[in-house]
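Numbering (our numbering), first residue to last: 125 to 407. Virtual Cβ for every residue (Gly too), placed ideally from N, Cα, C. Written below as structure tokens is the structure these notes are about.
Below, the structure is given as structure tokens:
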């Protein structure tokens, strides 16, 4: 592609796809099949309506709740890391609004789908997450989302606030062995840190704290330092719209091309998300 930087992602780049493993895949029996056995090209999965039930609820940190869903419709469910599902939640007036949550983990054998919800704000999604309990019926639509891992990248950078954590960890966990990746995450304080289980020492997590003196500036500085050489890299940015825009601007200033940056705004500080999607990043 004319004018492309070295290592920039070509249009139509391969994506890593995660899907349930057929019984004939004996090498994967009883365990999660390694990612490189599940790389497919040109696979498009249309969102489906999935009537599910809440299996369990767990507070992973003081401000992050893991909601586990189950149900027969998860038989044969397939997705790629970074995708989400839209849940129908009831507002105070009885109307239904959709809220989208990243798929943190999927156990195909047990038909268990994990979502993680950051418990901030006072919108209908948060009120639903506060009241959710095992046995509650949930209508999910998915999988949704177009941002997946760039299979042409030689290293991966993930950055954002607490709402970016589920996608960042899910995507990092499914990278092939030996592929370098780093996550740079802004959470409220040290109590919001999560352990990242990875035997591969090329995967690292750097934490910055909203309540610390450096705040968001500390995250931007850490990401800028890590992104000094864009060659072969791909960045995945997610979180509050202003933070995502700041991070994207910092990467472009470091010489990253637009093809090397995938950005997704999940929320907008001080403004409710009344619709079905997320705030637009105007840059």
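Check: Cβ neighbour criterion (16 or more within 10 Å) applied to residue 199; Outcome: exposed
Check: Buried versus exposed call for residue 257 [16 or more other C-beta atoms within 10 Å across all chains shown]; Outcome: exposed
Check: Runs of alpha helix (DSSP H) lying entirely within the region 263 to 317, each at least 4 residues, in chain order; Outcome: 289 to 297
Check: Check whether residue 208 and residue 224 have beta carbons under 8 Å apart; Outcome: yes
Check: Outcome for residue 384 when other beta-carbon atoms lying within 10 angstroms are tallied against a minimum of 16; Outcome: buried
Check: Three-way DSSP call (helix, strand, coil) for residue 373 in this model; Outcome: helix
Check: Nearest candidate by alpha-carbon position, reference residue 299, set 378, 280, 309 and 393; Outcome: 280
Check: DSSP three-state assignment for residue 415, whether helix, strand or coil; Outcome: Summary: the structure shown does not reach residue 415, with the chain confined to residues 125 through 407, and so no result is reported for it.
Check: Assigned secondary structure, residue 324 (DSSP; H/G/I helix, E/B strand, else coil); Outcome: coil
Check: Closest Cα partner of residue 381 within the set 359, 259, 286 and 213; Outcome: 359
Check: Neighbour-count burial assignment, residue 314, 16 or more Cβ in a 10 Å radius; Outcome: exposed
Check: Host alpha helix (DSSP H) of residue 249 (start-end); Outcome: 248 to 255
Check: Cβ-Cβ distance between residue 378 and residue 348 below 8 Å; Outcome: yes
Check: Best match in 343, 336 and 311 for proximity to residue 244 [C-alpha to C-alpha]; Outcome: 311
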